[in-house]
Amino acid sequence: MMKIDNTARRFVLPFMVFLAFSSTANAQLLKKLGKRAEKAAERAVERRVDKEATEKTDQVLDSILEPGSKKGGNLQVPNNKEPEVNSKENKRTSENPPEVSSEGPKSLEVYSKFDFVPGDEQLFFDDFANDFVGDFPARWNTNAGGEVVILGEDSEKWFKLKSGYNIFFIPNVPNLPNDYTIEFDVRGLGMEKSSSTARLRIDLSEDGKFDEGENFVQASIPFCQYTPVGVTVENRRNNKREIYSTVEADLRKAVTEGAHISIAVNDERFRLWVNETKYIDVPKAVPLEKLRTLKFHANNFNDGTEQVFITNLKVAKGGEDLRRKLLSEGKISTNAILFNSGSDQLKPESMGVIRQIFQVLEQDSSINLKIVGHTDSDGAEDANIKLSKSRADAVKKALVSVYGVDAGRLSTDGKGESEPVGDNKTSDGKSQNRRVEFIKL
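Anchor point for the sequence shown: position 285 equals 287 in our numbering, and the numbering is continuous, going up by one each time.
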């Protein structure tokens with residue numbers, strides 16, 4: 003039983019009164035949640051007492067009353083069950099149009115200070131949509147093995163990496179520039195007994211094949227579940243180690259529920275985020291003008307039971323600051339604002355770009371913006387028009403509800419698939435076409 007001191011009791015009594023006089027619907031909901039809700043409430047009360055309590059506390063309370071809301075991760079798991087790996091395909095067609103949802107994820111509040119902004123010139127994108135389930139991805143190379151799979155009832159494809167001292171990389175990514183970003187989603191299954199050395203390593207290397215080379219920078223994401231293991235960053239410059247450091251982090255829940263990894267390289271600076279939190283920021287880690295290959299290394303997993311998956315890999319060249327471009331040119335287009343597949347639910351990692359738009363509006367109160375959504379050509383044309391408009395509305399809603407922008411300064415429109423900028427027959431082209439425009443009025 004949790005012990006509550008005198009300070010905490012001031013919060014407990016109002017909280018219990020609140021529960022006692024909640025509506026019948028909320029009471030029934032809490033009853034269904036049972037002990038799980040009680041424990042969650044206790045944890046929330048403890049956090050309320052903490053002097054450093056933040057808005058996350060309110061979100062925990064919301065999650066008790068509205069358990070359907072999601073936090074972090076993008077993988078949909080039906081009925082709270084662990085997803086199964088299968089090969090059933092479920093592509094979006096005119097007979098199976100995208101569903102439009104008006105509710106955005108509550109975790110947008112958590113991401114409101116997320117400062118990662120993706121590059122604006124796409125170099126590579128792969129969601130494995132053009133690969134057959136069971137095959138090794140056609141655009142990749144390896145000295146080991148792996149296969150494309152579908153998890154549970156989700157139609158999204160994932161690349162299952164074979165564990166061991168194995169390397170997976172993309173031969174046809176252009177030589178990496180001085181400024182670029184890398185993003186992907188990662189998920190681990192069967193990690194209950196994983197080793198403290200079970201990690202997914204991301205390498206930026208000078209070697210064009212399977213070696214590390216004399217110049218590299220790498221970061222390792224831990225999957226161990228029995229104890230928190232931090233994120234490790236290491237580099238070599240002319241075969242001399244300059245940096246080896248482990249940053250304290252507890253990613254046990256993130257990696258098993260599904261996490262979004264974001265990496266930014268700006269000259270020698272190397273930064274890495276897991277979901278909304280930045281764990282690595284090293285100003286002098288990257289050997290300039292040396293790195294050319296992005297590699298993944300799944301190490302020390304039990305290949306029979308422990309499985310690692312990645313998807314939605316995007317590499318983009320860093321460009322102009324979107325704020326300056328919007329102010330100088332009066333219009334910007336970005337495919338860094340992301341949504342759940344076939345819906346208008348913003349992915350929380352999109353908040354870095356939306357935050358920049360807010361900063362423009364905050365700086366100049368005379369600016370009004372039109373937000374225009376665009377889709378790829380999957381699905382029926384009329385459904386895509388509706389979806390693109392709903393996505394523009396979702397961006398507006400985030401600016402209003404999260405950052406307090408006056409709704410009167412924002413208008414929205416949706417163009418659907420009518421104005422493509424890429425080839426809708428390829429994953430790269432589709433990714434470019436799924437974009438949002440901001441136009442000064």
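Backbone N, C-alpha and C fix where the C-beta goes; we use that ideal spot for every residue, glycine too.
- Task: Closer than 6 Å by C-beta to E185: which residues in its own chain qualify, once you throw out the five before and the five after it? Chain order, please.
- Result: S264, K316
- Identify whether L363 lies in helix, strand or coil by the three-state DSSP scheme. When secondary structure is reduced to three states using DSSP, L363 falls in the helix class.
- Item | Beta-carbon proximity list for E208, same chain, < 8 Å, skipping 5 on both sides | G215, E216, N217, F218, P289, K292, L293, R294, T295
- Candidates D129, N145, L125: closest to N314 by CA position: The shortest C-alpha separation from N314 is found at D129.
- Coil, strand or helix - L389 by DSSP: Here L389 sits in helix by DSSP.
- If you draw a straight line from the alpha carbon of T229 to that of V257, how long is it in whole angstroms? 13 Å
- Task: Compare the Cα-Cα distances from D133 to each of A146, T183, K162, I204 and report the closest residue.
- Result: K162
- Nonlocal neighbours in the same chain, by C-beta distance under 8 Å from Q227, ignoring five residues either side: M193, E194, K195, S196, R254, T258
- Message: Relative to the C-alpha of D346, which candidate in G306, N370, L389, L329 has its C-alpha closest?
- Response: Among G306, N370, L389, L329, the Cα nearest to that of D346 is on L389.
- Task: May I have a chain-ordered list of the alpha helix (DSSP H) segments no shorter than 4 residues that lie completely inside the stretch 241-294?
- Result: Correct list: 254-259.
- Task: Assign D117 to buried or exposed, taking buried as 16 or more other Cβ atoms, counted over all protein chains shown, within 10 Å of its Cβ.
- Result: exposed
- Message: On a Cα-Cα basis, can you pick out the residue from L153, L191, V438 that is closest to T307?
- Response: L191
- Distance, Cα to Cα, W160 vs D366? 43 Å
- Given V310 as reference, the closest of I223, T234, I339 once Cα atoms are compared: I223
- Message: Can you give me the C-alpha to C-alpha distance between E111 and K399, rounded to a whole angstrom?
- Response: 12 Å
- Message: Let me check understanding here. Comparing Cα to Cα, which of Q361, D187, N426 lies closest to Y405?
- Response: Q361
- Message: By DSSP's criteria, G416 is part of a beta bridge. Which residues make up the other side?
- Response: G375
- Output yes or no for whether 8 Å exceeds the beta carbon distance between V374 and D415. yes
- Query: Does DSSP put S198 in a helix, in a strand, or in coil?
  - Reply: coil
- Going by the beta-carbon positions, is the gap between P120 and T199 smaller than 8 Å? no
- Task: Can you tell me which of the three DSSP states Q347 falls into?
- Result: coil
- Query: Going by other Cβ atoms of all chains shown within 10 Å of its Cβ, with 16 needed for buried, is L363 buried or exposed?
  - Reply: buried
- Query: Any idea which residues DSSP pairs K319 with across the strands?
  - Reply: E123, Y182
- Task: Return the CA-CA distance between N301 and N277, expressed in angstroms with no decimal places.
- Result: Computed Cα separation, rounded: 22 Å.
- Message: Suppose contacts are defined by Cβ-Cβ distances below 8 Å. Is K372 in contact with L443 by that definition?
- Response: yes
- Query: DSSP on K333, reduced to helix/strand/coil?
  - Reply: Looking at K333 - three-state DSSP - the assignment turns out to be strand.
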